[in-house]
Amino acid sequence: MNHTAKELESGAIREIEPEVRTLFTKVVERDPREAARMLEPYPDEFIVQMLELLNPASALKILQRFDPSRRQTVLATASPETNQQWMRNQTYPERTIGRLIQPPLAVFSPQTTVAQATEQIRRLARKTIITYAFVTDEQEKLLGVVVMRDMLLAQSSQRLEEIMLTHPFYLTPEMSLPEAMRAVLVRHYPVYPVCDKTGRLLGLLRGQMLFEAEAIELSAQPGEMVGVEREERFTTPWQRSLKFRHPW
Numbered sequence: 001m002n003h004t005a006k007e008l009e010s011g012a013i014r015e016i017e018p019e020v021r022t023l024f025t026k027v028v029e030r031d032p033r034e035a036a037r038m039l040e041p042y043p044d045e046f047i048v049q050m051l052e053l054l055n056p057a058s059a060l061k062i063l064q065r066f067d068p069s070r071r072q073t074v075l076a077t078a079s080p081e082t083n084q085q086w087m088r089n090q091t092y093p094e095r096t097i098g099r100l101i102q103p104p105l106a107v108f109s110p111q112t113t114v115a116q117a118t119e120q121i122r123r124l125a126r127k128t129i130i131t132y133a134f135v136t137d138e139q140e141k142l143l144g145v146v147v148m149r150d151m152l153l154a155q156s157s158q159r160l161e162e163i164m165l166t167h168p169f170y171l172t173p174e175m176s177l178p179e180a181m182r183a184v185l186v187r188h189y190p191v192y193p194v195c196d197k198t199g200r201l202l203g204l205l206r207g208q209m210l211f212e213a214e215a216i217e218l219s220a221q222p223g224e225m226v227g228v229e230r231e232e233r234f235t236t237p238w239q240r241s242l243k244f245r246h247p248w
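At position 7 of the sequence shown the residue is numbered 7 (my numbering), and the sequence of numbers has no breaks.
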C-alpha cells in the first residue's frame, strides 16, 4: 500500500460503501490524469463525494485534469464551503499548507452555549468527523478551541468562552510541509487550525493528511533524481512513464 492509499484508514473512509471504497482505492493509486479519466463517466455528485474523501491537495490535482467545462459543473455541484475552499487553496503554491486546508465547519461565537453548540455539532457529525469546535470573533479571528471532552463535562448553559482553550496553536497557509512538520513535531494534535498572519481562521488541517503529504513528498525526491515524475504511480502505464522521462 502506498502512502496515499493510507487515507483509507480514516474514519470517514471506513464508513463508505464497499463498492465506493474499492473505486476510491483505485483512484488514490493512480496519477491525477488517470484518476480524472477513471472518474469521468460518473455523475458530478459522485465525483464531488470522491474528491472530498481525498486530501484537498490531491483533490485539486485531479480536478485540474478535467476539461474546463466539466470542472465547472463539478465545482458547481460541491457545497459552497467546499467550493470556496478549493478555489482558495488553488491560490497557494504547491507543497504548502494552504493546499491542504479543509473548511472549518464547527465554528461558533464566544457567547454560544454548550447546548447550542452540541445541537449543531450533532448535525455536522452526520456528514463529517468533528474533533474540535473553533471559537471566533466577528472578524473571524480565532479566539479559542473547544475539546469535545470539555463540552461533555460542561453545564449546558455555559458559554464556549468559559471552557475554550485560549491562545491556541495554529499553522499558516504559507508554511512549507517541512516547516509545518517541524512546528507540530512535539504536538501531534489530530486537527490543526490554519489562520492567516492576523489570526483569522481560514480552515483546518488534519494531522494525518499533513504526515501523509510529507511522506509522499519525501518518497518523491529520490525518484526525481532518476527522472521519475511526482505524479507517477506504480500503476501508471509504461507508455506514460516513458513520456514522463522523455517528453520529446
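C-beta atoms are modelled at their ideal positions from N, C-alpha and C, and glycine is treated no differently. Source: prediction; values computed, not measured.
- In this structure Pro173 is not in contact with Leu142, their Cβ atoms being roughly 14 Å apart against a cut-off of 8 Å.
- Ala57 places its beta carbon less than 9 Å from that of Leu100.
- In chain order, Ser58, Lys61, Ile62, Gln64, Arg65 and Glu231 place their CB closer than 8 Å to the CB of Pro32, counting only its own chain and leaving out the 5 sequence neighbours on each side.
- For Val74, the enclosing alpha helix (DSSP H) starts and ends at Pro68 to Thr77.
- The stretch 104-117 and the stretch 198-206 touch, with no fewer than 3 CB-CB distances between them shorter than 8 Å.
- Buried is the label assigned to Gln85, since at least 16 other Cβ atoms lie within 10 Å of its Cβ.
- DSSP, read as helix, strand or coil, puts Leu185 in coil.
- In this structure, DSSP gives Gly144 an extended state, which the three-state scheme calls strand.
- Here Thr112 is near Val135, since their CB atoms are less than 9 Å apart.
- The continuous alpha helix (DSSP H) containing Ala57 extends over residues Pro56 to Leu63.
- Taking a contact as a CB-CB distance under 8 Å, the pair Val74 and Asp44 counts as one, their CB atoms being some 5 Å apart.
- Here Tyr192 is not near Val186, since their CB atoms are 9 Å or more apart.
- In this chain, the alpha helix (DSSP H) harbouring Thr22 covers Pro18 to Glu29.
- In this structure, Ser157 and Ala117 do not form a Cβ contact; the two beta carbons are roughly 12 Å apart against a cut-off of 8 Å.
- Note: Ser176 is bridge-paired with Thr96 in the DSSP secondary-structure output.
- With contacts defined as CB atoms closer than 9 Å, Val194 and Met164 fail to qualify as a contacting pair.
- Leu51 counts as buried, since no fewer than 16 other beta carbons sit within 10 angstroms of its beta carbon.
- The DSSP-derived three-state label of Gly199 is coil.
- The beta carbons of Leu177 and Ile97 sit closer together than 9 Å.
- Taking C-beta separations shorter than 6 Å and ignoring five residues to either side along the sequence, the partners of Tyr132 in its chain run Val145 and Val191, following chain order.
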